[in-house]
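**Student:** Numbered according to our numbering, the sequence shown spans residues 7 to 93. The C-beta atom is built at its ideal place from N, Cα and C for all residues, glycine as well.
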Amino acid sequence: RWLKERRRCPVCSQACGALFGTGPNLGTMSWHCERSNLPGYPGFGTVVVNFAIPASTDESGTQYNGRSVTAYLPNQPTGRHVLELFA
């Protein structure tokens, strides 16, 4: 399912197959750990992931508004694996 939706390898980010559409190619991701726990994951702590995408224009001239998004992952093997997929 991952390759069908993303068309990129989740490990190395290599493009797989034809990519459709365009979008901003700028942005940053940062993360840090907190001691607080997520519901359903007592005792693990939390990985807080921040995405910041500035307003920009893609190659076709389409303008995009900037946005910031915060995600929360449990600081355990599955949550850290998901974090690696974003890197």
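Between the C-alpha atoms of Gly85 and Asn31, what's the straight-line distance to the nearest angstrom?
**Tutor:** Taking the straight line from one Cα to the other gives about 25 Å.
**Student:** Can you give me the Cβ contacts of Thr34 inside the same chain, cut-off strictly under 7 Å, excluding the 5 residues immediately before and after it?
**Tutor:** These residues qualify, in order along the chain: Ala58.
**Student:** Taking just the CA atoms, how far does Gly67 sit from Glu90?
**Tutor:** Using only the alpha carbons, I get a separation of about 31 Å.
**Student:** Determine the extent of the alpha helix (DSSP H) in which Pro80 is found, giving its start and end residues.
**Tutor:** From DSSP, Pro80 is part of no alpha helix (DSSP H) but of the beta strand (DSSP E) over Arg73 to Pro80.
**Student:** Could you give the residue range of the alpha helix (DSSP H) that holds Thr52?
**Tutor:** From DSSP, Thr52 is part of no alpha helix (DSSP H) but of the beta strand (DSSP E) over Thr52 to Ile59.
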